[in-house]
């Protein structure tokens, strides 16, 4: 499976969260302790927003994040109040740029950890459920991108929680029609560049980890050695899966 983090708050360098902490996302890409896989080397991606631009910048590549010099260069020079980062461990689909997260549509950005079980069995039915006007924007072959476009089809831009719930229900229904016992495992982050949502669900009732901060002052007290926490405002939010 994959790992991801989402940040919203005081504008900070991407590097302060992606690289500097002892157990940073980049460190986890090589030495994960809680994931199914210990390495996430099938690609990576970062997406961020800057003032006066409604759509996010997205950089993705197929190599491992821990050895990518361009990612390090970007992280040391980009400051953003809202960004996503994702490290990929493929569940069977090809290792290619269009399969790397985060995915973007207009001002919206999406990333996912988990899987649609037996995706090869249900992919056609799910693809036919995507709004025809949206289908040309499905560039890759992952279940994650399919979930994004299904959510857009089902009203993500008007009602994110409702749309994601409807998407999960559709995946479960189609999966059960094809004899899949536990069709869906997911943690999802989605943003419109202003608001940030995170969702956690499992058909099997054993969801992927999803950690989030609500009190930055408490985090500072618990982890006084983490310098980047001192740069965050009290209303900042950090979500990790």
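In the working numbering, the protein residues as written are 5 to 245.
Each residue gets a CB set at the ideal place from its N, CA and C atoms; glycine is no exception.
Taking C-beta separations shorter than 6 Å and ignoring five residues to either side along the sequence, the partners of residue 89 in its chain run 9, 22, 29, 50, following chain order.
Fewer than three pairs of CB atoms, one per stretch, sit closer than 8 Å, so the segment 163-173 makes no contact with the segment 117-124. Here residue 232 is buried: its Cβ has 16 or more other Cβ atoms, across all protein chains shown, within 10 Å. Pairing residue 78 with residue 236 gives a Cβ-Cβ distance that is not under 8 Å.
For residue 69, same chain residues with a beta-carbon under 7 Å away, outside a window of 5 residues either side, are 30, 33, 48, 75, 91 in chain order. The three-state secondary structure of residue 101, taken from DSSP, is helix. Residue state for residue 117 is assigned as strand, using DSSP reduced to three classes. Of the other Cβ atoms in all chains shown, fewer than 16 fall within 10 Å of the Cβ of residue 101; this residue is therefore exposed.
Counting only runs of at least 3 residues, the segment 140-173 fully encloses no beta strand (DSSP E) element at all. In this structure, DSSP gives residue 81 a state outside helix and strand, which the three-state scheme calls coil.
Counting the other CB atoms within 10 Å of its CB gives residue 179 a total of 16 or more, which places it among the buried residues. A residue is called buried when at least 16 other Cβ atoms come within 10 angstroms of its Cβ; residue 202 meets this threshold and is buried. Boundaries of the beta strand (DSSP E) around residue 65: 61-65. Rounded to whole angstroms, the separation of the alpha carbons of residue 204 and residue 211 is 7 Å. Here residue 165 is exposed: its Cβ has fewer than 16 other Cβ atoms, across all protein chains shown, within 10 Å.
When beta bridges are read from the DSSP output, residue 189 appears opposite 119, 206. Residue 222 carries a helical assignment under DSSP once its states are collapsed to helix, strand and coil.
Cβ neighbours of residue 216 within its own chain (closer than 8 Å, five residues either side excluded): 202, 241, 242, 243, 244. The beta carbons of residue 148 and residue 176 sit about 16 Å from each other, so the pair does not count as a contact at 8 Å. Excluding sequence positions up to five before and after residue 146, its CB lies within less than 6 Å of the CB of 97, 103, all in the same chain and listed in chain order.
According to the DSSP assignment, residue 234 belongs to no beta strand (DSSP E) but to the alpha helix (DSSP H) extending over 231-235.
In the assembly as shown, residue 198 is an exposed residue. Its beta-carbon has fewer than 16 other beta-carbons within 10 Å.
Close CB contacts of residue 111 within its chain, under the 8 Å cut and outside five residues either way in sequence, are with 58, 59, 60, 196, 197 (chain order).
Around the C-beta of residue 108, 16 or more other C-beta atoms lie within 10 Å, and the residue is accordingly described as buried.
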